[in-house]
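Numbering (this note's numbering), first residue to last: 59 to 306.
Even glycine gets a Cβ: it sits at the ideal position worked out from N, Cα and C.
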């Protein structure tokens, strides 16, 4: 009896191995999906620690705009008459977790971009990069329009956060932005709480953009890999403690 069971077990094992060998492509596919689902952040990189602008440059220029200075450990933008002093990271990113803090002046407006394509074809960073809004909700008129999708912390012109998640002008706000094109997932956390999630590509993303003022913009949201950007909107704004973790 024991010998019979042993022979049967060997036969089953051999058949199993043969089936696995025959269906190798299906197995590889399953492994690939599993590995994608298990992707994790790699080492955190400091983009700004209050000491220098080494990781940044002006959009469309080689160096850094002098309207951005370091003030008490934060980068401070002081508006100039010329405008167009947006800045971007020197490196580009596709899948990442971006963490930073921002503080806006009274009545102020700014923004955090990702997926920015730096090209002579696009004069401004916002022509390609979707934006997380930075705003004084109490005083700036933008907070009263577009069903709240221009309020601070919103995915600009698309999704608004719940009320009460943002600290007022003059106080610091913490933002964590996760973008993962492989998983088609974006997530925004505001001051330690999850605010909303959203698709970052494909039909659902296109449908969201189609309902906005960006619907007919040639490059908007079209570049999975791009620069992180900070906006000159003509108002004083501070950013600090900026780090990024790429997801592999």
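Which whole runs of the beta strand (DSSP E) in the stretch 254–286 are 3 residues long or more, in chain order? Whole beta strand (DSSP E) segments, 3+ residues: zero.
Out of 212, 174, 185, which has the shortest C-alpha to C-alpha gap to residue 275? The shortest Cα separation from residue 275 among 212, 174, 185 belongs to 185.
How is the beta strand (DSSP E) around residue 297 delimited, first residue to last? In the DSSP assignment, residue 297 falls within the unbroken beta strand (DSSP E) covering 295–305.
Compute the distance between the beta-carbons of residue 169 and residue 146, then report whether it is under 8 Å. Result no, Cβ atoms of residue 169 and residue 146 do not sit closer than 8 Å.
When you compare each of 262, 174, 226, 293 to residue 115 by their alpha carbons, which one comes out closest? Per the Cα distances, 174.
Cutoff 8 Å; reference residue 196; Cβ partners in own chain excluding five residues on either side: Same-chain partners within the cutoff: 226, 227.
Report buried or exposed for residue 109, applying the criterion of at least 16 other Cβ atoms within 10 angstroms of its Cβ. Per the 10 Å Cβ criterion, exposed.
When the Cα of residue 259 is compared with those of 128, 126, 119, 153, which residue comes out closest? Here the closest residue by C-alpha is 153.
For the candidate residues 180, 247, 254, 306, whose alpha-carbon lies nearest to that of residue 241? When each option's Cα is compared against that of residue 241, the closest is 306.
Between which two residues does the beta strand (DSSP E) containing residue 167 stretch? Counting along the chain, the beta strand (DSSP E) containing residue 167 begins and ends at 167–174.
From the DSSP output, which residues share a beta bridge with residue 233? According to the DSSP secondary-structure assignment, residue 233 is paired through a beta bridge with 158, 248.
For the pair the stretch 206–215 and the stretch 116–128, tell me if three or more CB-CB distances fall below 8 Å. Flag = no, the stretch 206–215 and the stretch 116–128 do not touch.
Tell me the rounded alpha-carbon separation between residue 235 and residue 253. Using only the alpha carbons, I get a separation of about 10 Å.
Where do the ends of the beta strand (DSSP E) carrying residue 139 lie? Per DSSP, residue 139 belongs to no beta strand (DSSP E) and is neither H nor E.
For residue 203, is the classification buried or exposed, using 16 other Cβ atoms within 10 angstroms of its Cβ as the cut-off for buried? With fewer than 16 neighbouring CB atoms inside 10 Å of its own CB, residue 203 falls in the exposed class.
Taking the beta strand (DSSP E) that residue 129 falls in, what are its first and last residues? Counting along the chain, the beta strand (DSSP E) containing residue 129 begins and ends at 126–129.
Let's see if you can read the secondary structure: which residues bound the beta strand (DSSP E) around residue 146? Run containing residue 146: 145–147, per the beta strand (DSSP E) assignment.
Please state whether DSSP places residue 227 in a helix, a strand or coil. Here residue 227 sits in coil by DSSP.
Would you call residue 132 buried or exposed, if buried means 16 or more other Cβ atoms sit within 10 Å of its Cβ? Result: buried.
Bridge partners - residue 217, DSSP secondary structure assignment: DSSP output for residue 217 lists 213 as bridge partner(s).
Taking Cβ to Cβ, would you say residue 289 is nearer than 8 Å to residue 155? Not a contact, by the Cβ cut-off of 8 Å.
In chain order, what residues of the same chain have a beta carbon less than 6 Å from the beta carbon of residue 284, not counting five sequence neighbours either side? Result list for residue 284: 150, 173, 174, 175, in chain order.
Tell me the DSSP secondary structure of residue 242 in three-state form. Reduced to three states, the DSSP call for residue 242 is coil.
With residue 116 as the anchor, note down where its beta strand (DSSP E) starts and where it stops. Counting along the chain, the beta strand (DSSP E) containing residue 116 begins and ends at 114–116.
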